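Basically my numbering = 1-based index in the sequence shown + 16.
Glycine included, every Cβ here is placed at the ideal spot set by N, Cα and C.
Given the structure is predicted, the values throughout are model-derived calculations rather than measurements.
Here is the structure we will look at, set down as structure tokens.
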Amino acid sequence: MPLEMNLTNKLQSPDVLSRIASVDWSGKSELGPYVVELDPTAACDMACPGCISEDIINEGGRFENNRFMALPGEFQEAGVKAVILIGGGEPLTHPKVGDFMGECSLRDIEIGLTTNGTLIHKHLDIIAEKCSWTRVSMDAGTQKMFDLLRPTKKGVSAFTQVVSNMESLARIKHGLLGYSFLLQSPADGQHVSSNLDDLYNAAKLAREIGCDYFEVKPSYAWRGNIPHALMIHSSEYLSRAKEMVEKLNTLETGDFKIIHAINLKYALNRVQLEQPKNYNDCPSAQLRTLVTPKGVYVCPYWRGKDQFKLGDLNLMSLKELWSSNRKFQVMEKLNPMTNCRFHCLRHETNAEAIRIKHDLNSGFHKDTNTDVKWDRFI
17 MPLEMNLTNK LQSPDVLSRI ASVDWSGKSE LGPYVVELDP TAACDMACPG
67 CISEDIINEG GRFENNRFMA LPGEFQEAGV KAVILIGGGE PLTHPKVGDF
117 MGECSLRDIE IGLTTNGTLI HKHLDIIAEK CSWTRVSMDA GTQKMFDLLR
167 PTKKGVSAFT QVVSNMESLA RIKHGLLGYS FLLQSPADGQ HVSSNLDDLY
217 NAAKLAREIG CDYFEVKPSY AWRGNIPHAL MIHSSEYLSR AKEMVEKLNT
267 LETGDFKIIH AINLKYALNR VQLEQPKNYN DCPSAQLRTL VTPKGVYVCP
317 YWRGKDQFKL GDLNLMSLKE LWSSNRKFQV MEKLNPMTNC RFHCLRHETN
367 AEAIRIKHDL NSGFHKDTNT DVKWDRFI
């Protein structure tokens, strides 16, 4: 059976429980984030139509080499336990990204990588050795569909290169390798009618080249004043999509899993198009943060939005930023009930973290198994 991504179980790690007990959800805590999502650069070698980061890529910018290489030490000092290289742009285009991974590893900071896969071959050994997981955004299972959805800026197809890169990584990796597929229809734009016909072939390809999992994800769009609303697809598309997603179950083996993204069920059933919150503070914004060359933001949903910018790591260290008045003011202003009616991947995490903190404060929380190897990517 396919797995629905579950982030709440990760909160039971003794290390995470200790962090939850110490943090003030209102934002006045000076204890740094547990996880950093990091955009090393806004540069990207692809020209995907409808790119959600198009404005950021057009603005450009990246961390200068010396500043970038100083970040692992500052992250360690602030208590960071894991870094996710993401974007923004394509993280592997940064010239020092391999050295950065090595430096994080020396400081016991785990690395996760989200990439378009085109440059894996240039950093193959360090990714294989140091990344706890690597997820490649594909959205296709054939060259024809890939070239429609993921054209390169040079106009040369990257499909064969990306597949070869994933296959090479699968042979030597120490961590997990995932193949990501974002369901798309004409609602996402006129660049393609639908990528549903590629769904099964993509999952089959993922299994053949040695991926550990295949993740099916829904698409999102701005709707009114909601910045991350689930895309509304036609009834005909959704009916067919549910059948195709169900068909993927036949591909699962002991070594290969089908994963449903957290909000996939809402998208496929067109229910709960908004996601009301019943809490005023955001635990996830205290446990995680987004670092970009243009500033530090409360989370990826508010990337590039000045009202939720905590500060700038080009001007100060993360520890300094985390105890700054600006950070406290922004956290105080952030109210999930009013600001975050979109489908947030961290909604269930927030509810569980609030419950855990209440139990910890009341002395009711049960001890967890300290022998389990816990995933730090909360």
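request  = Look up Ile275 in the DSSP assignment and give the residues it is bridged to.
outcome  = Stepping through the sequence shown from its first residue, residue 275 is reached at position 259. Answer is Leu19, Glu231, bridged to Ile275.
ask   = What's the gap between the Cα of Glu231 and the Cα of Lys273?
value = Counting from one through the sequence shown, the residue named residue 231 turns up at place 215. Counting from one through the sequence shown, the residue named residue 273 turns up at place 257. Near 9 Å, if we compare the C-alpha coordinates of Lys273 and Glu231.
task = Report buried or exposed for Ile372, applying the criterion of at least 16 other Cβ atoms within 10 angstroms of its Cβ.
result = The sequence position of residue 372 within the sequence shown is 356, counting from 1. Burial call: buried.
7 Å CB neighbourhood of Ser235 in its chain, flanking five on each side removed = Working through the sequence shown from its first residue, we reach residue 235 at position 219. Same-chain partners within the cutoff: Leu198, Leu199, Gln200, Asp204, Met247.
key: Limits of the beta strand (DSSP E) - the one that Phe197 falls within   = Along the sequence shown, one-based indexing puts residue 197 at 181. Taken as a continuous stretch (DSSP letters only), the beta strand (DSSP E) holding Phe197 covers 192 to 198.
ask   = What's the C-alpha gap between Leu303 and Ala219?
value = As a first step, residue 303 is located in the sequence shown; it is residue number 287 there, counting from the start. As a first step, residue 219 is located in the sequence shown; it is residue number 203 there, counting from the start. Spanning the two alpha carbons is a distance of roughly 33 Å.
query = When burial is assigned at 16 or more other CB atoms within 10 Å of the CB, is Pro353 buried or exposed?
reply = For this step, residue 353 is matched to residue 337 along the sequence shown. Here residue 353 is Met; the residue named in the question, Pro, does not match the sequence. When all chains shown are included, Met353 counts as exposed.
request  = Can you tell me the Cβ-Cβ gap for Ile143 and Thr134, rounded? I've got them flagged as a contact below 8 Å.
outcome  = Counting from 1 along the sequence shown, the entry for residue 143 is found at position 127. Counting from 1 along the sequence shown, the entry for residue 134 is found at position 118. About 13 Å separates the two Cβ atoms, so there is no contact after all.
Simplified DSSP state of His374, which is helix, strand or coil = On the sequence shown, residue 374 is found 358 positions in, with the first residue counted as 1. Residue state, collapsed to three classes: helix.
task = Measuring alpha carbon to alpha carbon, tell me which of Lys26, Ser42, Phe84, Gly103 ends up nearest Asp55.
result = As a position in the sequence shown, residue 55 is number 39, starting the count at 1. Ranking the options by Cα distance to Asp55, first place goes to Gly103.
key: Arg239 - partner residues in DSSP beta bridges   = Here the question's residue 239 lines up with position 223 in the sequence shown. Arg239 is bridged to Ile242.
query = Hey, which unbroken runs of the beta strand (DSSP E) at 3 residues or more fall wholly within the region 283 to 344?
reply = 304 to 308, 311 to 313, 325 to 327
request  = Apply the 10 Å Cβ neighbour rule to Val388 and answer buried if 16 or more other Cβ atoms are within range, or exposed otherwise.
outcome  = Taking the sequence shown and counting its residues from 1, one reaches residue 388 at position 372. Val388 is exposed by the Cβ-count criterion.
query = When the distance is taken between beta carbons, is Gly226 closer than 8 Å to Arg187?
reply = Here residue 187 refers to the residue found at position 171 when the sequence shown is read from its first residue. Here residue 226 refers to the residue found at position 210 when the sequence shown is read from its first residue. In this structure, Gly226 lies closer than 8 Å to Arg187 by Cβ.
request  = Assign Val172 to one of two classes, buried (16 or more other C-beta atoms within 10 Å of its C-beta) or exposed (fewer than that).
outcome  = Position 156 of the sequence shown, counted from the first residue, corresponds to residue 172. Exposed, since its Cβ has fewer than 16 Cβ neighbours within 10 Å.
query = For the beta strand (DSSP E) that Val99 lies in, which residues bound it at each end?
reply = Here residue 99 corresponds to residue number 83 of the sequence shown, with the count starting at 1. Start and end: 98 to 101.
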